[in-house]
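Oh and the sequence shown: position 79 is 65 in this note's numbering, straight run, nothing missing. Using N, Cα and C, we set each Cβ at its ideal position, and we do this for glycine too. Predicted, not measured: the structure shown is a model, and the values here were computed from it. Beneath this line is the structure, given in structure tokens, with notes to follow.
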Amino acid sequence: GINAEYGKQWYQRRVRQSTHMKCLKDSDISVQKVKTDTQNMMKSIQNVNERLLHAIGYLSDVSTTAPHGGSVYNSEKDFQLAHEQCRLVLDRLSKLAEKSKLKEFKPEEVWKLRSN
């Protein structure tokens, strides 16, 4: 029944544990080697962590459009916005000129029409 199955599993676990212990005793693994390897692994993990934090910081600066070394994003964006505003102003002035039936846009003529 259940107790027999449990007893069998317990016995198999004990055999595996004793086999593992015998292998460990027979191997050349020393406590000092394990400590050294663990320290080296921790140093490696810390190095990776520091590099990742640096990369994340850089990417945060880039993605939030905050100034960072080598970036011209803000200047390009400002230029694009100014260019778009100039285009809108020229379009409006052209429409005003058409309404005034002027063939060629001349600012002085627009001022004359306004003053009348």
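Handout entry: Straight-line gap, GLN66 to VAL75 (C-alpha atoms, nearest Å)
Key = 14 Å
Problem - Spatial distance of GLN32 from GLN25 (CA atoms) - result: 10 Å
Problem - Secondary structure of VAL75, DSSP reduced to three states - result: helix
Problem - DSSP-derived helix/strand/coil call for SER61 - result: helix
Problem - For SER16, the three-state DSSP class (helix, strand or coil) - result: coil
Problem - Contacting residues, own chain, Cβ-Cβ under 6 Å from SER30 (five flanking each side not counted) - result: none
Practice task
Note down the Cα distance separating ARG60 from ASP47, rounded to an integer number of angstroms.
Solution key: Sequence check: residue 60 is Asn here, not Arg. Cα to Cα, ASN60 sits roughly 12 Å from ASP47.
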